[in-house]
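Chemist:
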Amino acid sequence: MNPNHPERDSPETEGTTDGTKRQSARFALITALLSVGLSALLFTAVLRNGAAWRDAVLRLFPAPGVESIQEPMEDLQARYKRMERERADLDKKLDRLVPKNHYLVVNTTGNTFRLYKGGEMVREGLCSTGSYTVLKAGDKMSWTFKTPRGMYRIQGKISKPIWRKPDWAFVEEGLPIPPANSQLRYEAGVLGNYAMSLGHGYLIHGTLYQRFLGMPVTHGCVRLGDDDLEAVFRSMQVGSRVFIY
Amino acid sequence: MNGFQEKLSGIRKVARKLPVQAYFDWLKGQSRIKKLLLVALVALPAMYLLLISVVLPVGNIGKIPGYEPPATAADSSATVYKLSQEEKEWWLGYLSAQREIAIKKHRLALAGKDSIYLRLQLADSTLHLEIKGIPAYSGKMLDLELGAPFESITPQLRAEWAAAPFVMQRRNATIEVFPVVYKEAPKDTAEANALPSEPMAPEKTAVFFDLQFDRGLRLLVEQDEEPEPGDRRIVNAYMRREQRAQSASFLRAARRIKPFLPEMTVKFRLPAEEARALYRALPEQTHLLLQY
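Here you go:
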């Protein structure tokens, strides 16, 4: 034992030193973990709010005003006169896009329609459009019942229409599909008093299920209530435009 | 023993111990380094992100992400004409007329195609969905908010940026574009008769959507009504997707040491049914015309 440094060789103090070392290592580890945690928190805070802070700071810097230009004012003024004529010309062209007679706008999500004449709405109401049902018959046959979007024209107008049932109408009822010329395909009275063709088999017609108006229940056609159908039928001519969105 | 020798013998003693233990023993005595290390560990990553998100964007103020102005606009060699106050006003009117003409030309061009496109008029907060140039839907944008860069870019840059139609690149929403329902055909009439005859109730899910266009334009639309409690999960999932996308682009900027520039954001509210109809009407390659 060294009398000058008794504590160094004492087993008790050796244990105490070890304990102190362990404790100091623990503290260091805790400090490191806390630092990493705190760092992660700060990092996440900046990551989440960085954009908002940036925008708040950017708002403090309004755009500099226009002080100078790279063209003489006389040139610009002359060009401005030409631009005024061009603007008037464009306005006329845009005005000509709006049909002067009746046109129909159908909202397939809200299942509503609006009838316009020369840009002014003259009638609005409920309709029914495609249900977005995909009917699957085995692996080979499937039909999607949706109303197409875009601009269409009335291709034809029919009073007292007779429905020529397509294949899906039989598949949906669990019936065998009859031949193309079969009498079973024809059914009167189900399309209401009038029908207007949009092409590709899509029609605007009436319905026996008036209580479903305003709901997406059709196989792609646009169904209207009796009174609305009559008003639309009388207003729209062959060639009139139908806008569906 | 002088001070230097004492230090040297201390280091030798430390070096003989286990490396980790030795490191901590050494660190114990280095209070200044400990502090520095702590500061670095805690604050440096966050400070770096702050640099990317705030300092660099402020340094790059007046730029729009994803948009390079035409070279002529930055021609420093051209003759410069100073404007009087009156001329400044006139010049802004000129820019506005120029922009209006450009938008009208694009409306006509889009109307020539079979396209459904959006037209936003920021001046009167109206929104128009046009088919072949005819407004099929017009609505009022409620609580319209424009992102910070709208205020920090020059009128000329804004006019050039907004002169052509924007094309939609991505969308994120709480609702599907096509609410498709799959149905197996019945095997016979008995099975067909057993199917429910009443249609499904119209969908009422809360409508929130984010449309991202080229040239850094972003449209954020929220339904005006408070979402139903049952829709909270869907709305939260949408918000999380938004936050994730935002964080990802932030980290991308941080990795490349590039400024996290703000997008030109237009945010507004619409009645739920109008927002739903609008979102579902938009085709994949929607064009948007921005008027202000």
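Protein chains in written order, with the numbering used here: chain A, 1 to 245; chain B, 246 to 537.
We put the beta carbon where it would ideally sit given N, CA and C, even for glycine.
Please list, in chain order, the chain B residues whose beta carbon lies closer than 9 Å to that of R82(A).
Modeler: Residues of chain B passing the Cβ test: none, with the nearest at roughly 10 Å.
Chemist: On the three-state DSSP scale, how would you describe G119(A)?
Modeler: coil
Chemist: If you draw a straight line from the alpha carbon of L523(B) to that of Y152(A), how long is it in whole angstroms?
Modeler: Straight across, the Cα-Cα distance linking L523(B) with Y152(A) is about 19 Å.
Chemist: Going straight from the alpha carbon of V452(B) to that of Q488(B), what length do you get?
Modeler: 17 Å
Chemist: Between the stretch 62-79 of chain A and chain B, which residues of the former have a C-beta closer than 9 Å to a C-beta of the latter?
Modeler: Listed in sequence order: P62, A63, P64, G65, V66, E67, S68, I69, Q70, E71, P72, M73, L76, Q77, R79.
Chemist: Hey, would you say P62(A) sits closer than 8 Å to E396(B), going by beta carbons?
Modeler: yes
Chemist: Tell me the DSSP secondary structure of M215(A) in three-state form.
Modeler: coil
Chemist: What residues of chain A sit near D359(B), judged by a beta carbon separation below 7 Å?
Modeler: G150, M151
Chemist: Give every residue of the same chain whose Cβ lies closer than 8 Å to the Cβ of A368(B), excluding the five residues on either side of it in the sequence, and list them in chain order.
Modeler: Q536, Y537
Chemist: Does H5(A) get closer than 8 Å to chain B when you measure Cβ to Cβ?
Modeler: Its pLDDT being 49, under 50, H5(A) is placed unreliably by the model, and the measurement read from it follows with that caveat. So, not an interface residue.
Chemist: Counting only Cβ pairs nearer than 9 Å, list the residues of chain B close to M215(A).
Modeler: Neighbours of M215(A) on chain B, chain order: P444, M445, A446, P447.
Chemist: Compare the C-beta of P400(B) with all C-beta atoms of chain A and state if any pair is closer than 8 Å.
Modeler: yes
Chemist: Hey, would you say P282(A) sits closer than 8 Å to S142(A), going by beta carbons?
Modeler: Chain A is shown from 1 up to 245; residue 282(A) falls before or after that span and cannot be answered.
Chemist: Should T450(B) and T419(B) be called a contact, given that it needs their Cβ atoms to be closer than 8 Å?
Modeler: Yes, Cβ-Cβ distance for T450(B) and T419(B) is below 8 Å.
Chemist: Could you tell me whether the Cβ atoms of G338(B) and L402(B) are closer together than 8 Å?
Modeler: no
Chemist: Which residues, in chain order, does the stretch 125-136 of chain A contribute to contact with chain B at a C-beta distance below 8 Å?
Modeler: S131, Y132, T133, V134, L135, K136
Chemist: Go through the stretch 267-326 of chain B residue by residue and report every complete run of the alpha helix (DSSP H) that reaches 4 residues or more, in order.
Modeler: 276-295, 301-304
Chemist: Using DSSP bridges, identify the partner residues of I158(A).
Modeler: A195(A)
Chemist: Name the one or two DSSP bridge partners that A188(A) has.
Modeler: I162(A)
Chemist: Among M484(B), E467(B), V299(B), which has the Cα closest to the Cα of A517(B)?
Modeler: E467(B)
Chemist: Taking the CB atoms as reference points, tell me whether P310(B) and L533(B) lie closer together than 8 Å.
Modeler: no
Chemist: I want to verify the contact list: residues of chain A whose CB lies under 7 Å from the CB of P302(B), in sequence order.
Modeler: Against chain A, the beta carbon of P302(B) has neighbours under 7 Å at R54, L58, listed in chain order.
Chemist: In this structure, does DSSP put F453(B) in helix, strand or coil?
Modeler: strand
Chemist: So G357(B) is in the alpha helix (DSSP H); what residue range does that whole segment cover?
Modeler: Where G357(B) is concerned, the enclosing alpha helix (DSSP H) starts and stops at 330-357.
Chemist: Around the Cβ of T531(B), are there at least 16 other Cβ atoms within 10 angstroms (buried) or fewer (exposed)?
Modeler: buried
Chemist: Using 10 angstroms around the beta-carbon of N101(A), count the other beta-carbons present and answer buried if the total reaches 16, otherwise exposed.
Modeler: N101(A) is exposed by the Cβ-count criterion.
Chemist: Comparing alpha-carbon positions, which option in V66(A), Y209(A), A40(A) lies nearest S329(B)?
Modeler: V66(A)
Chemist: Would you please state the rounded distance, in angstroms, between the beta carbons of G392(B) and E508(B)? I believe it to be under 8 Å.
Modeler: 7 Å
Chemist: Spatial neighbours of P431(B) within its chain, please: CB distance less than 6 Å, with the 5 preceding and 5 following residues excluded, ordered by chain position.
Modeler: A437
Chemist: Candidates L456(B), L372(B), Y382(B), I278(B): which alpha carbon is nearest D388(B)'s?
Modeler: Relative to D388(B), the option among L456(B), L372(B), Y382(B), I278(B) whose CA is nearest is L372(B).
Chemist: Could you name the residues of the stretch 18-33 of chain A whose beta carbon sits closer than 8 Å to any beta carbon of chain B, in the order they occur along the chain?
Modeler: K21, S24, A25, A28, T31, A32
Chemist: Between which two residues does the beta strand (DSSP E) carrying R364(B) extend?
Modeler: Element bounds for R364(B): 361-366.
Chemist: State yes or no: is the C-beta of G461(B) within less than 8 Å of the C-beta of Y312(B)?
Modeler: yes
Chemist: Give, in chain order, every residue of the stretch 479-506 of chain B whose Cβ lies closer than 8 Å to some Cβ of chain A.
Modeler: Listed by position, the residues of the stretch 479-506 of chain B near chain A (Cβ gap below 8 Å) are Q488, Q491, S492, F495, L496, F505.
Chemist: If you measure between the beta carbons of M196(A) and I162(A), is that distance less than 8 Å?
Modeler: In this structure, I162(A) does not lie closer than 8 Å to M196(A) by Cβ.
Chemist: Expressed to the nearest angstrom, what Euclidean distance is found between the alpha-carbon atoms of H333(A) and A231(A)?
Modeler: The requested residue 333(A) does not occur in the structure, where chain A is confined to residues 1 to 245.
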